[in-house]
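Undergrad: Take this structure first; my questions come after.
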Amino acid sequence: MSTDGADAFTYDGGRVLPGETKRFRFPVSESYLGDPVRIPVTIINGPDPGPTAFLSAASHGDELNGIEVVREVAQEWDHDEVAGTIICLPVLNVQGFTTQQRYLPIYERDLNRAFPGKQDSTSSNRIAYRIYSNFVKPADFGLDFHTSTRGRSNMFHVRADMDDDGAARLARAFGTSLIMSGEGSEGMLRTEATADGIPTITLEMGEAHRFERELIDHALEGVRSVFAEYGIYPQETVRWPGWRTVIESSGEKTWLRADAGGIVEMQFERGDLVHEGETICRITNPFKTDETVVEAPFTGLLAGVLENPVVYPGNPLCHFIKIGDEQERIVEEQSGTRHR
Ligand SMILES: [Zn+2]
5 MSTDGADAFT YDGGRVLPGE TKRFRFPVSE SYLGDPVRIP VTIINGPDPG
55 PTAFLSAASH GDELNGIEVV REVAQEWDHD EVAGTIICLP VLNVQGFTTQ
105 QRYLPIYERD LNRAFPGKQD STSSNRIAYR IYSNFVKPAD FGLDFHTSTR
155 GRSNMFHVRA DMDDDGAARL ARAFGTSLIM SGEGSEGMLR TEATADGIPT
205 ITLEMGEAHR FERELIDHAL EGVRSVFAEY GIYPQETVRW PGWRTVIESS
255 GEKTWLRADA GGIVEMQFER GDLVHEGETI CRITNPFKTD ETVVEAPFTG
305 LLAGVLENPV VYPGNPLCHF IKIGDEQERI VEEQSGTRHR
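Residue numbers for the sequence shown follow the working numbering, beginning at 5 and rising by one.
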């Protein structure tokens, strides 16, 4: 097939030759009417040989920021000098996307707990299998884009198993300041792919139901940096975010939870540094006659915050993490200019 050492990329029903880009809709399931449920796919097989990367988004159907990241890489970037193959999967959970729901509508299944999937099993397992066997298995590494669950917002960060050398290399290359290390859960795309020898990281960025342009641009820089690291874009350079903290799964971090039901007045935004003893938020009753003050238990960073300002007792208010003294100093210096 190839004249220059690069190989054709093949999937169930087609192939993409070196130097060729293909856009198509790929069937992963069927509707009650028997119509195909198809995911949009763009495969860019570069003119030069190199690694194969997959980029995926919206395995949770209402998490939109990543969709735009993957679409811009697929449709707006120049592919004339790509060395390798880029598999772009902007909407994995088509049924969830169509109804703007996190889960697959069938029994509210989480597609991101169904990987690598199974051919003769449940509906979600079959969908996962079609995606995984065709577009994840042939890749050398992958980036899976997510946002916070609706009603909350995440600071831009990477989640990766930093004990896996391949995932750690990928996480660092993406160039975020914050990396949360951990294996993840059974059935998660990044967990299962990494265990299968395809290092994969999750990018957490912002809120569900939104396009947040600043975060999308930041993520596109990250993709460019990863492509530089792996030689897909050999002319680019790997970026350094200015500071970096890797939070181990045993590290000091906590979900601060509400001890009272009420209306939340948040005093900070995602990505803010809060000093020990400062008020993060107040929970008030409808008359503002009663308030519960939530203070920072240590000096740390708000990695995730509540956006929908109402809570029951026990609901999460914010994801609060401890960073090092040196990182604290840089965060304070960069306040106002950094990516949240
Ligand atoms: Zn998600």
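Backbone N, C-alpha and C fix where the C-beta goes; we use that ideal spot for every residue, glycine too.
Predicted model only: the values in this text are computed from it and were never measured.
For the beta strand (DSSP E) that contains A61, what are its first and last residues?
TA: Residues 52-61.
Undergrad: According to the neighbour-count rule (16 or more other Cβ atoms, all chains shown, within 10 Å of its Cβ), is G88 buried or exposed?
TA: G88 should be labelled buried.
Undergrad: Let me know the alpha helix (DSSP H) ranges lying completely inside the stretch 189-235, each 4 residues or longer, listed in chain order.
TA: As far as the stretch 189-235 is concerned, its whole alpha helix (DSSP H) runs of at least 4 residues are 193-199, 217-233.
Undergrad: Kindly list the residues whose CB is nearer than 7 Å to the CB of T241, restricted to its own chain and excluding five residues on each side of it in sequence; keep chain order.
TA: Same-chain partners within the cutoff: A232.
Undergrad: Cβ of N138 within 7 Å of any heavy atom in ligand 1?
TA: Result no, Cβ not under 7 Å from ligand 1.
Undergrad: In chain order, what residues place their C-beta within less than 5 Å of a heavy atom belonging to ligand 1?
TA: Residues flagged by the Cβ proximity filter: H64, E67, H150.
Undergrad: Please list the terminal residues of the continuous beta strand (DSSP E) segment that includes D148.
TA: Start and end: 145-150.
Undergrad: Which of the three DSSP states is assigned to E269 in this structure?
TA: Strand.
Undergrad: Give me, in chain order, the residues of the same chain whose beta-carbon lies closer than 7 Å to that of A264; leave out the 5 immediate sequence neighbours on both sides.
TA: Cβ within range, chain order: I287, T296, P317.
Undergrad: Should N312 be labelled buried (16 or more other beta-carbon atoms within 10 Å of its own) or exposed?
TA: So N312 ends up on the exposed side.
Undergrad: Excluding sequence positions up to five away, which residues of its chain have a Cβ less than 7 Å from the Cβ of H64?
TA: These residues qualify, in order along the chain: N97, G100, R106, N116, H150.
Undergrad: Roughly how many angstroms lie between the CA atoms of V250 and R163, to the nearest whole one?
TA: About 10 Å.
Undergrad: Taking the alpha carbon of S128 as the point to measure from, which residue in G191, T153, L306 has its own alpha carbon closest?
TA: Closest by alpha carbon: G191.
Undergrad: Just to confirm before moving on: does the CB-CB distance between I91 and I47 stay below 8 Å?
TA: Yes, they are a contact pair.
Undergrad: Report the three-state DSSP secondary structure of N69 (helix, strand or coil).
TA: Helix.
Undergrad: Report yes if the C-beta distance between L59 and V41 is below 8 Å; otherwise report no.
TA: Cβ distance not < 8 Å, so L59 and V41 don't count as in contact.
Undergrad: Hey, would you say F119 sits closer than 8 Å to A57, going by beta carbons?
TA: No, the Cβ-Cβ distance between F119 and A57 is not below 8 Å.
Undergrad: In three-state terms, what does DSSP make of S137?
TA: Here S137 sits in helix by DSSP.
Undergrad: According to DSSP, simplified to helix, strand and coil, what is F302?
TA: In the structure shown, F302 sits in coil (DSSP, three-state: anything other than H, G, I, E or B).
Undergrad: Please list the terminal residues of the continuous alpha helix (DSSP H) segment that includes F13.
TA: F13 -> not in any alpha helix (DSSP H); beta strand (DSSP E) instead, spanning 13-15.
Undergrad: In terms of residues, what are the limits of the beta strand (DSSP E) holding F160?
TA: Counting along the chain, the beta strand (DSSP E) containing F160 begins and ends at 156-164.
Undergrad: Does the distance from the C-beta atom of R108 to that of I43 stay below 8 Å?
TA: Checking the sequence, you will find Leu at residue 108 rather than Arg. No, these two residues do not count as a Cβ contact at 8 Å.
Undergrad: How long is the line joining the alpha carbons of A62 and R75, rounded to whole angstroms?
TA: Looking at the two C-alpha atoms, the distance is approximately 12 Å.
Undergrad: Among the residues of its own chain, which have a CB less than 6 Å from the CB of G122, if the five just before and after it don't count?
TA: Looking at the sequence provided, one finds Lys at residue 122 rather than Gly. Same-chain partners within the cutoff: N129, Y133.
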